[in-house]
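*Asks:*
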Amino acid sequence: MECGAALALCKDALIGAGLSDSGHRLLRAFPETTSRSLRMDLSEVEPFYLTDIETDSSYVQYLSDWSLWAEGRLERFRFKANFITITITVVAAKYEHYGFMSLFQQVLSQGLPFRLGLILLCEGDEDVLSKKIIALTRYIQDVRDSRFDPFSFLGRVSYDGIVTDSELIKAAENVGVKLGGKSLDELVDEHAGYINEVNKLRTSLDLNLDDYTLFINGIVAEGNVMVYIDSEIDRIQESIRKHGAKRPSHDIVFSDVKTVLRRNPAAANDKAPRMKLAPLFINPKFKLALESVRYLQTATSPPVTLWLCGNVDSDETIRILEKYLEWFLESQEKGSEALESVRFGLLGVFESAEELLKRMGTKNVEGDELKKLVDDLLSRGEDSDDIRALLDRAVCESFPASVFLLVNGRYIGSRDVKDASDFELIVYGELALTAEDAAATLSTVSETTADQILLSANCIGVLRKACGSFSSASVDVENEAVSEFVFRREETEVEPWIQATAVASIANPLCPLRLRTLVTMSEMLHASVSFLAYPGAIYEGDVGTFAFSRRVVATEPSFDSRGIRSSWAERAVFYDLPQDKILTVSIGSPRNWLLESQAAAVDMDNIYLSRIPDEHQHVHAEYALDSIIVDGSCIDRRQQPPAGTKLELRHTAKGSVVDTLVMENLGYYQFKVSHPGLWRLSLAGKAASIFELDQYSDGRGNVSLKGKDSLVLYVDSLKDVEGNMLRLSRKKGMEEVSIVEPADEQKAVGEETCSATGDSSCGADEDSINVFSVASGHLYERFLKIMILSVTKNASKPVKFWLLKNYLSPGFKSMLPLFAAERGFKYELVTYQWPDWLRVQEEKQRTLWGYKILFLDVLFPMTLKRVIFIDSDQVVRGDLKELHEMDINGAPYAYTPFCDSRKEIDGFRFWKSGFWKEHLGNKPYHISALYLVDLARFREIRAGDRLRQTYQQLSGDPHSLSNLDQDLPNYASSGPADSRVPLHSLPKEWLWCETWCDDESKKKAKTIDLCNNPMTKEPKLDSAVRIIAEWSSYDEEATNITVRAYGKILRDFESKTGPSDQKGKNDKSTVDESDAEEVNEEL
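So the mapping is simple: my numbering equals the position in the sequence shown, first residue as 1, plus 40.
#1: Beta-carbon separation of VAL670 and PHE711 under 7 Å?
#2: Would LEU396 and VAL352 qualify as a contact pair, given that the criterion is a beta-carbon distance under 7 Å?
#3: What did DSSP end up calling LYS772 once you bin it into helix, strand or coil?
#4: In angstroms, rounded to a whole number, what distance separates the CA positions of ALA542 and LEU555?
#5: In the DSSP output, what is CYS674 paired with across the bridge?
#6: If you reduce the DSSP assignment to three classes, tell me which class PHE865 lands in.
#7: Tell me whether VAL713 sits in a helix, a strand or coil according to DSSP, three-state version.
#8: Measuring CB to CB, does LEU970 end up less than 7 Å from LEU1031?
#9: Counting Cβ pairs, one atom from each stretch, are 3 or more of them under 8 Å apart for the stretch 888 to 903 and the stretch 979 to 987?
#10: Where does LYS363 sit, in a helix, a strand or coil, going by DSSP?
#11: By alpha-carbon positions, which one of SER98, ILE928 and ALA506 ends up nearest to PHE119?
#12: Identify every run of the alpha helix (DSSP H) within the stretch 200 to 260, keeping only runs that are complete inside it and at least 4 residues long; order them along the chain.
#13: Taking 7 Å as the cut-off, decide whether the C-beta atoms of GLU237 and GLU470 are in contact.
#14: Count Cβ pairs between the stretch 331 to 341 and the stretch 290 to 308 that sit closer than 8 Å; are there 3 or more?
#15: With DSSP run on the structure shown, which of helix, strand or coil describes LEU54?
#16: Since ASN1010 is in the alpha helix (DSSP H), which residue starts that stretch and which ends it?
#17: Short of 6 Å in beta carbon distance, which residues of its chain neighbour LEU245, apart from the five on each side in sequence? Order them along the chain.
#18: Quick check: the Cα distance between GLY201 and HIS137, rounded to an integer number of angstroms?
#19: Classify ALA110: buried if its beta carbon has 16 or more other beta carbons within 10 angstroms, exposed otherwise.
#20: From ARG287 to ILE280, what distance separates their C-alpha atoms?
#21: Flag ALA567 as yes when its Cβ comes closer than 6 Å to any non-hydrogen atom of the ligand GTP, and as no otherwise.
#22: DSSP beta-bridge partners for GLU636?
#23: With distances taken between CB atoms, is the gap from SER626 to TYR663 smaller than 7 Å?
#24: What did DSSP end up calling LEU972 once you bin it into helix, strand or coil?
#25: In whole angstroms, what separates the C-alpha of PRO850 from that of SER714?
#26: Could you tell me the distance, in whole angstroms, from the CA atom of ALA378 to the CA atom of ASP310?
#27: Since TRP347 sits in a beta bridge, which residues does DSSP pair it with?
#28: Count the other C-beta atoms from every protein chain shown that fall within 10 angstroms of the C-beta of VAL517, then say buried if there are 16 or more, exposed otherwise.
#29: Report yes if the C-beta distance between LEU972 and ILE908 is below 7 Å; otherwise report no.
#30: Output the residue ranges of the alpha helix (DSSP H) runs that lie fully inside the stretch 279 to 309 and measure 4 residues or longer, sorted by chain position.
#31: If I measure Cβ to Cβ from PRO1027 and keep anything under 8 Å in the same chain, skipping five residues before and after, which residues do I get?
#32: Going along the chain, which residues of its own chain have a beta-carbon closer than 7 Å to the beta-carbon of ALA490, five neighbours each way excluded?
#33: On the CB-based measure, 16 or more other CB atoms within 10 Å of its CB, does SER795 come out buried or exposed?
#34: Spatial neighbours of LEU1004 within its chain, please: C-beta separation below 7 Å, excluding the five flanking residues on both sides.
#35: So what's TYR615 in DSSP terms, helix, strand or just coil?
#36: Could you say which of LEU721, SER696 and ARG770 lies nearest to ILE730 if we only look at CA atoms?
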């Protein structure tokens, strides 16, 4: 839908800009191609070539008729030419980065006609080992007339991790090369010229020294290499068809493209954010303001527009402006092609040319020239100030940085401009990414303006980001196996601006959602949308539980009779659902959204339509956005996750604080943000003394954090931003210090954090017994209330309950404050968004089990030291103070072993034979209905990371982890040493259940659990009344409290709005009253 919205926006803007005719072609020009990037000229340094397609005998059978090949009449990868050159640059002595060798081997084994080259780098003059490897490799190449010997030498050196001179010389001798008495230092001197050229290349191309860099015909390739190669082949074939094949292969590859000798990674960064300029062109005020911007330019309608956003008071703004003016005059003098392609304008706060000139002190621009250039930039019409202020604010506040550049709307940070010549790279980079395509598409329009090209180029860039997963393809619609459905809003003679085709198997359970998306696109975009269904195709995925699906998308805003914005259109409606099946509602949402149910008159986990009273023929529920997830990955300078690092996020205005740990799993971290605004991310605890912030990268660009103790995050969008990366570096003297915080130190850190916030509720109630539980559905919420009553009545200390918020009903959440006040306990609702990199569970019950065990280290505040998990269907008879304070001998958690005293159930004790008997040996198998977690110890040994790693390994097999929350800790207690999590056994009286324990042991039971009985399959409500003498009285008390709570809720509501029977049927009161209707169902 993001793609559809971007298409609609660009369409309206292009029509408004007078580009109706060419707009059709423009919207079809955006599909991505990897050839749209700057090409580096690597010719200054001769690589070590492993292959040469035109001279090596291995490729003699490949055909050299390039014309036939370009016409597609020969195999795509059977050309005898150096059309594709893969060049690797890598620091010679960094053997850990020699992973490219496997790529080279793969190319050779498949006989692919790619020339393979390697350029060895050194990190600087002090990198003596790299210099010696480079010199020795060059010497081997000179002595041996074989392309393979240098690579055989490098393979041996990297495999053995050789670092001494004698070992290097021996490795050279193994490939038949002797130095003849020369020392390696002498070799380095002999090849000093080559090494110097390598150093120049490293500097000019700003090469990555922390890994190898891969170039395809001079383009830096990231990700799937074959995507770049396919794009290059398409481009080269097109060049041959246009200009013929009677040219050297090098000319064919490079004659139609621009190459540069310097590289600035930001110059052609297609991943950088790009401001949507279409709204500015649609709004008449902004459109007028755009026309008032003054530019430095040498051509009438240049395809690249460069804006500098800044403030006259900023030294950084002045620096960038001076750099540009230097480049402008130098390029003007030598007649630069890049200068002819760009116009430069200032946006921001610049009161007068005189004021700006006072701040500028460039030595490379004469005073008169400088004054003229500044006058040209700042002159405005008499009535333009107010309008320009609107434009300046809209553009310059679109990104968090105070000084930055926008090139056709693409963000470039001011720190990315280090030299005046960087502007030439920026211009060429944008020409390659969007501007050339835009200019070519508009070439048939007479007197095209620079603003029209700006809008067109911006739309191409925006659409490539929004619609990156779309591609051009041909589908045989005449195939009998295909059913074609075409959706059009109306038949007209005008060709639709937007045409889309989707292909899917009708058996795919996601097919209905995709079909609805296409219909919505047709309605929103006035598009021609085709859906090609293959009924006979086999869907190889897991269909799972049968589902009825709807997509909630409002194609246009709706309003009620009073003109108030209505959410009525943003709903999913289901008709003719089965009456005799149990239905469950599940909401799919963007990855970074945390939704919660706000209103529901029935149990949305267990909808049985045939049992719903007549007055509830229409089941209604409402869900709302509760929080936004801010997450990302954190790594240190060694590219390793600093697992266990504590991070803290603090709202700059409200003072709210959330904290978390960096996981070892991908360095992942996650915060739950309940309101937008400015937040400060900082290190906390021991991490603050070991690390310092280095850099932060997100969809808006890179931000240097050198010398800063916090990072300002702007939570200002519902859109998910992927790829957030926080980089840390160790402080001097802390290179080898462990980040692990001993359990006894964690308390002080937590107290310090709470003290700083001044929040009395921040702490974890050290004087309380902390109890964690989960529940889903009205039945288990009923059990949960009884469990809470039993805990509070038997506890000798105050109790605080930590309840998983994800699946609690609206009714339960609304009565919980009153329930807590009457029974005298504290509570907190906790939640965590299941990370997308961790294998998800399709069934809700198994997801609930996962929440019991997988996120214990990050689910609670870092100040919480111990917590007891209790299943909601338990009744507690003992004092939990004893368990909460129990010594568990340094283990991170403690469980109760399964009883083995009820002999008639022996046949169901699966852990007594097979896999579990072999895996556990003499250790008992433990039940997960109750357990104590020492969170401080749990975090200290990174038990959460180990459990998630083990889960990820085992959950790939659908037959493993049958009882996820139980099998995982039992397996990990005896698993491999590097992932083992010790488990302490509690005395058996801490958990009794009739299924496994005999009647005699019940007398000592401190908790009673309603385990399922595989023999009798007795319903839990029946067994609860029969087994637990006090259960009925607890149930009656919980019901009475609930009724009183709902009564108070209704009275408070009616005191504000009037009696409920006076409210209209569509009034909000009908939603709130659903809480009370829930009571009737429970009763």
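Every residue gets a Cβ at the ideal spot worked out from N, C-alpha and C, and that includes glycine.
*Replies:* Walking through what the data contain:
#1: yes
#2: yes
#3: coil
#4: 9 Å
#5: LEU766
#6: coil
#7: strand
#8: yes
#9: yes
#10: helix
#11: SER98
#12: 205 to 213, 224 to 230 and 232 to 244
#13: no
#14: no
#15: helix
#16: 1004 to 1013
#17: MET80 and ARG303
#18: 12 Å
#19: buried
#20: 9 Å
#21: In the structure shown, the ligand GTP is absent, as is every other ligand, since no ligand is present at all.
#22: ALA664
#23: no
#24: strand
#25: 18 Å
#26: 19 Å
#27: GLY385 and LEU446
#28: Note that VAL517 has pLDDT 49, beneath the 50 cutoff, so the model's placement of it is unreliable and no number is given.
#29: yes
#30: 289 to 294
#31: THR936
#32: SER341, PRO342, THR345 and ARG383
#33: In this prediction, SER795 has a pLDDT of 40, which is less than 50 and means its spatial position is unreliable; what the coordinates show is noted afterwards. Exposed, since its Cβ has fewer than 16 Cβ neighbours within 10 Å.
#34: ARG886, TRP889 and GLY890
#35: coil
#36: ARG770
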